[in-house]
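Visitor: Under the working numbering, the first residue of the sequence shown carries the number 173, and numbering increases by one thereafter.
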Amino acid sequence: MTPEDTRKFENLTACDRVALLIHSASNREEDFFDAVSVTALGKATPVTDKTDPLKGFLARHPRLAEFSEKPTTVMIRVEIESFITVNRFQNVVELRMDR
Numbered sequence: 173m174t175p176e177d178t179r180k181f182e183n184l185t186a187c188d189r190v191a192l193l194i195h196s197a198s199n200r201e202e203d204f205f206d207a208v209s210v211t212a213l214g215k216a217t218p219v220t221d222k223t224d225p226l227k228g229f230l231a232r233h234p235r236l237a238e239f240s241e242k243p244t245t246v247m248i249r250v251e252i253e254s255f256i257t258v259n260r261f262q263n264v265v266e267l268r269m270d271r
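#1: Leu230 to Pro218, Cα distance in whole Å?
#2: Could you tell me how far apart the beta carbons of Ala197 and Ala207 are, in whole angstroms, since I believe they sit closer than 8 Å?
#3: Excluding five sequence neighbours on each side, which residues of the same chain lie with their C-beta closer than 7 Å to the C-beta of Thr244?
#4: Whole angstroms are fine: how far does the CA of His233 sit from the CA of Asp270?
#5: What does the alpha-carbon distance come out to for the pair Ser209 and Arg268?
#6: Of all the options Ser254, Arg249 and Pro225, which has the alpha carbon lying nearest to the alpha carbon of Glu241?
#7: What residue range does the alpha helix (DSSP H) around Pro225 cover?
#8: Within the same chain, show all residues whose beta-carbon is closer than 6 Å to that of Phe256, passing over the 5 residues directly before and after it, in chain order.
If you want it as structure tokens, here you go:
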């Protein structure tokens with residue numbers, strides 16, 4: 173979700189390639205070898221009819237109802253093409269999604 177008058181939305185419409193990073197680090201020394209990160213690479217597209225996906229989103233995030241239901245708020249769908257995981261600092265594995 174993002175307002176359509178933001179730099180984020182402008183960038184997503186100019187280039188639909190995105191990377192989403194998720195990691196377990198908590199700023200501890202052990203994180204250097206114990207933390208795990210996953211990067212999801214994919215293609216972002218605006219959702220043209222957000223009625224159905226909005227139901228699931230609001231079930232999980234009810235406090236965002238006012239923001240998400242505004243006509244100027246755009247829902248973005250990311251089609252994941254691959255995941256890259258890194259653990260133990262240099263152990264890298266890539267998983268490509270078959271289409």
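All C-beta atoms, glycine included, are put in the ideal place defined by N, C-alpha and C.
Guide: Let me lay it out:
#1: The residue given as residue 230 occupies position 58 in the sequence shown. The residue given as residue 218 occupies position 46 in the sequence shown. Taken atom to atom, the span from the alpha-carbon of Leu230 to that of Pro218 is near 18 Å.
#2: Locating residue 197 in the sequence shown gives position 25, where the first residue counts as 1. Locating residue 207 in the sequence shown gives position 35, where the first residue counts as 1. Indeed they touch by this definition, with Cβ atoms about 4 Å apart.
#3: Counting from 1 along the sequence shown, the entry for residue 244 is found at position 72. Excluding its 5 nearest sequence neighbours in each direction, Thr244 has C-beta neighbours in its own chain below 7 Å: Pro175, Glu176 and Asp177, listed in chain order.
#4: The sequence position of residue 270 within the sequence shown is 98, counting from 1. The sequence position of residue 233 within the sequence shown is 61, counting from 1. The straight-line gap from Cα to Cα measures roughly 30 Å.
#5: Numbered from 1 along the sequence shown, position 37 holds the residue referred to as residue 209. Numbered from 1 along the sequence shown, position 96 holds the residue referred to as residue 268. Roughly 16 Å between the two C-alpha positions.
#6: Residue 241 sits at position 69 when you count from the first residue of the sequence shown. Restricting attention to Ser254, Arg249 and Pro225, the CA atom closest to the CA of Glu241 is found in Pro225.
#7: The residue you call residue 225 lines up with position 53 of the sequence shown. Counting along the chain, the alpha helix (DSSP H) containing Pro225 begins and ends at Thr223 to Arg232.
#8: Translated into the one-based positions of the sequence shown, residue 256 becomes position 84. The residue asked about is misnamed: residue 256 is Ile in this sequence, not Phe. Counting only Cβ-Cβ distances below 6 Å, and skipping sequence neighbours, we find Thr211 and Glu266.
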